[in-house]
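Down below is the structure, laid out as C-alpha cells.
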Amino acid sequence: MTYDKDKEYWHIPKRTDLHQSIIFTMGVAEKYHKKTWNASAQDRLGSYLAKKGATNNGRNITPQSIRTLLAAIPQYFGFVYINSSTTPNTIEITEAGKKLIEENKDFINKNRFSNLIIGKQKKLTINISNTFLNQFKKLQITNPFVKQFCDNIYIFPLYCSLYLIKKLGHLTNEEIAIYLFRTKSNDELDFKKKEIEIFRNLEIGQKNNLVKEFKKTDIGNKSLVQAPLVGYFLSICKMTNLFKVDDNKLSLKKEMLETANNIISELKNYSCFDFKDNKKLWVDYFGNVNIHNPPKLFELVNSYKSEVYFEYLRNDVVEECGTIDLNSSIKFPILENPVCLLTPGEGSIPWLVSWVLVKANIFLYCPSPVLYFEVLFSDDLIKVVFPIPPTELGPPA
Numbered sequence: 089m090t091y092d093k094d095k096e097y098w099h100i101p102k103r104t105d106l107h108q109s110i111i112f113t114m115g116v117a118e119k120y121h122k123k124t125w126n127a128s129a130q131d132r133l134g135s136y137l138a139k140k141g142a143t144n145n146g147r148n149i150t151p152q153s154i155r156t157l158l159a160a161i162p163q164y165f166g167f168v169y170i171n172s173s174t175t176p177n178t179i180e181i182t183e184a185g186k187k188l189i190e191e192n193k194d195f196i197n198k199n200r201f202s203n204l205i206i207g208k209q210k211k212l213t214i215n216i217s218n219t220f221l222n223q224f225k226k227l228q229i230t231n232p233f234v235k236q237f238c239d240n241i242y243i244f245p246l247y248c249s250l251y252l253i254k255k256l257g258h259l260t261n262e263e264i265a266i267y268l269f270r271t272k273s274n275d276e277l278d279f280k281k282k283e284i285e286i287f288r289n290l291e292i293g294q295k296n297n298l299v300k301e302f303k304k305t306d307i308g309n310k311s312l313v314q315a316p317l318v319g320y321f322l323s324i325c326k327m328t329n330l331f332k333v334d335d336n337k338l339s340l341k342k343e344m345l346e347t348a349n350n351i352i353s354e355l356k357n358y359s360c361f362d363f364k365d366n367k368k369l370w371v372d373y374f375g376n377v378n379i380h381n382p383p384k385l386f387e388l389v390n391s392y393k394s395e396v397y398f399e400y401l402r403n404d405v406v407e408e409c410g411t412i413d414l415n416s417s418i419k420f421p422i423l424e425n426p427v428c429l430l431t432p433g434e435g436s437i438p439w440l441v442s443w444v445l446v447k448a449n450i451f452l453y454c455p456s457p458v459l460y461f462e463v464l465f466s467d468d469l470i471k472v473v474f475p476i477p478p479t480e481l482g483p484p485a
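Its first residue numbered 89, the sequence shown is counted upward by one per residue in our numbering.
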C-alpha cells in the first residue's frame with residue numbers, strides 16, 4: 089500500500105471556539121438529534137446560535153459556516169457526528185456530547201450575552217472543560233472522520249504532546265509544526281525528541297533558514313503561515329487547562345503536572361487501533377464516555393468436532409454473527425478488554441447449549457457442553473481457542 093506523504097501529517101480542525109461548540113451541541117440535542125442534516129437544518133442551527141449569543145456579531149451564520157463548525161470541535165472530538173448510514177444523512181449527538189452539555193448548561197443559562205465578542209470581554213465564555221479533556225485523551229489520529237485529510241498515522245495527539253513537553257520543557261510553534269505534527273507512531277517519540285534537541289542547538293541563522301524553507305512547503309504554509317494549524321492546536325491545548333502558552337512556547341502549568349503525569353502513565357499502555365473506514369466502531373468507542381480503551385481484535389478459533397455459531401453484541405445490537413467451521417477461525421474488533429470467562433448462558437437458539445464470554449457480549453453455541461477453552465492475550469489481539477481437547481489441560485478443577 090502506498091500513502092500520500094502530504095497526508096502523513098496531523099489534521100487539526102480550523103475552528104476552535106469551545107463555547108460556540110457547546111452551544112452548537114446543545115442545539116443539536118434540543119432540535120435536530122437524528123434529524124435530516126440538510127441546508128434547512130443548518131440554516132436554523134445558525135439562527136439558534138445567534139439567539140444564544142454564540143456568533144461574533146449576534147447575527148445568523150451561514151450553512152457553510154455551520155458545516156465548518158460541525159467538522160471542528162463537535163465532530164472532531166466526538167460530541168456530534170453525521171450518520172452517513174441513514175438515507176438521507178442525519179445528525180446525531182453522542183453520550184460524550186450529552187455529558188458536555190450537562191457539564192456546562194447551568195453556567196450557560198446563568199450567563200447570557202448578545203454575542204461572543206461581548207461574552208469574551210466580560211469573561212463569560214467557556215474556555216476549558218473536563219469533558220473536552222477526556223475526549224482529547226481518547227482522540228486517535230488517524231480515524232474514519234479525518235482519514236480523507238491524514239492517513240498512515242497511529243498516535244494519541246495528547247499523549248505525544250505531553251510526552252515531548254515533559255522531556256523537553258516546552259515546544260515552540262516551529263517545533264510543533266516541523267516535528268510534532270509529523271509523528272506517526274509512539275515509537276518515534278524519542279527520535280523526535282532528539283531531532284528537536286538538534287534543532288535547538290543550531291546557530292540562529294541555520295535555524296531561521298530551516299524554518300524559512302519549511303514555510304515554503306505546502307504543509308509548512310498550512311501549519312505556520314496561511315490560517316496556521318499550529319495556532320488552532322494551541323487553542324485546543326489550552327481548553328484542557330493543562331497547558332499555557334507564553335512567548336511562542338507551549339508548556340505545562342505547574343499546578344497540572346501531576347494530572348499530566350497521570351495521563352501519560354495511563355495512555356502509554358494503550359495501543360492505537362486501525363479503524364479503517366468503520367465510522368460506527370469509531371463512534372461507539374469515541375462517543376461513549378464509559379469506554380476508555382481503544383478496540384482490540386478478537387479471534388475465535390474453532391477446534392470443536394463441528395461448526396460453532398457465534399454472536400457479538402455491542403450496545404445491544406448484533407454487530408457480528410455467523411458460523412465458524414471446524415478448524416477455522418474468525419476475527420473482528422471488540423470494545424474494552426473483556427473478562428474472558430466462558431459460562432453457560434441462555435441462547436437465541438434454544439436447542440443449542442450456549443456459552444457466553446461474559447463481558448465481551450460474545451455468545452457461542454454448540455450441540456453439547458464444552459468444559460475446556462484457552463484464552464491468549466497480546467497487545468493487539470485477544471484469542472479464544474474453543475474448545476481445547478481435554479488431554480491438553482487435564483481434568484477440570
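Beta carbons are placed, not taken as given, at the ideal position from N, Cα and C, and that holds for glycine.
Check Phe374 in the structure and name its three-state DSSP category. helix
From which residue to which residue does the beta strand (DSSP E) around Leu385 run? 384–390
Using 8 Å as the cut-off, can you tell me whether the segment 303–310 makes contact with the segment 222–237, which would need three or more C-beta pairs spanning the two stretches below that distance? no
Between the alpha carbons of Val53 and Leu277, how many angstroms are there, rounded? Nothing can be reported for residue 53, as the shown portion of the chain is limited to 89 through 485.
I'd like to know whether the C-beta atoms of Trp125 and Asn177 end up nearer to each other than 8 Å. yes
Name, in chain order, the residues that DSSP records as bridge partners for Ile353. The sequence as given places Ser at residue 353; Ile does not occur at that position. In the DSSP output, where bridge partners are listed per residue, Ser353 has none listed.
Would you kindly work out how many angstroms separate the C-alpha atoms of Ser153 and Ile181, rounded to a whole number? 19 Å
Going by beta-carbon coordinates alone, are Ile216 and Thr328 separated by less than 8 Å? yes
Which first and last residues belong to the beta strand (DSSP E) in which Asn212 is found? The question names Asn, but residue 212 is Leu in the sequence shown. Where Leu212 is concerned, there is no enclosing beta strand (DSSP E), given that its DSSP letter is neither H nor E.
Could you tell me which residues DSSP puts in a beta bridge with Ile181? Val168
Name the one or two DSSP bridge partners that Arg402 has. Val405
May I have the straight-line CA-CA distance separating His107 from Gln209, to the nearest angstrom? 14 Å
What residue does the beta strand (DSSP E) around Lys102 start on, and which one ends it? That residue, Lys102, is in no beta strand (DSSP E); it is neither H nor E in DSSP.
Around the Cβ of Phe279, are there at least 16 other Cβ atoms within 10 angstroms (buried) or fewer (exposed)? exposed
Proximity winner among Lys384, Asp404, Ala129, Pro162, relative to Gly375 (alpha-carbon distances): Pro162
For Asn261 versus Leu340, is the C-beta spacing smaller than 8 Å? no
Distance between Asn171 and Gly185 (C-alpha atoms, nearest Å): 15 Å
Cβ neighbour criterion (16 or more within 10 Å) applied to Gln236: exposed
Thinking Leu160 and Pro245 are a contact (beta carbons under 8 Å), I'd like their distance in whole angstroms, please. First, the amino acid is wrong: residue 160 is Ala here, not Leu. Going by Cβ atoms, the distance from Ala160 to Pro245 rounds to 15 Å, so no, they are not a contact pair.
In whole angstroms, what is the alpha-carbon distance linking Glu424 and Asn381? 5 Å
Since Leu340 is in the beta strand (DSSP E), which residue starts that stretch and which ends it? 337–340
Taking DSSP as the reference, what is the three-state secondary structure of Pro438? Residue placement at Pro438 is poorly supported in this model, since its pLDDT is 33, which falls under 50; the coordinates still yield a value, given next. Coil, per DSSP.
For Gly257, which of Lys393, Lys342, Thr219, Asn203 has the nearest alpha-carbon? Lys342
Beta-bridge pairing of Ser417 - partner residues as DSSP gives them: Val389
Go through its chain and collect everything with a Cβ distance to Arg103's Cβ below 7 Å, but skip five positions before and after it. Thr156, Leu157, Ala160
Which of the three DSSP states, helix, strand or coil, is assigned to Tyr242? strand
Identify whether Thr156 lies in helix, strand or coil by the three-state DSSP scheme. helix
For Ile412, which residues does DSSP report across the bridge? Val396
Judging by CA-CA distance, which residue of Ile412, Val377, Phe331, Asp413 is the nearest neighbour of Lys187? Val377
Asn240 versus Gly410, Arg147, Arg270, Asn222, residue with shortest Cα-Cα distance: Arg270
Pull up the distance between the alpha-carbon of Phe233 and that of Lys367, whole angstroms please. 7 Å
Based on DSSP bridge pairs, tell me the residues matched to Leu137. None; Leu137 has no bridge partner.
So the beta strand (DSSP E) Val333 belongs to, where does it begin and stop? 331–334
Once you ignore the five residues that flank Trp439 on each side, which residues in its own chain have a CB closer than 8 Å to its CB? With a pLDDT of 30 at Trp439, under the threshold of 50, the modelled position of this residue cannot be trusted; read the value that follows with caution. The answer is none, since no qualifying residue turns up.
So does the segment 199–208 actually touch the segment 389–397, counting three or more Cβ pairs closer than 8 Å? no
What is the DSSP secondary structure of Ile229, counted as helix, strand or coil? strand
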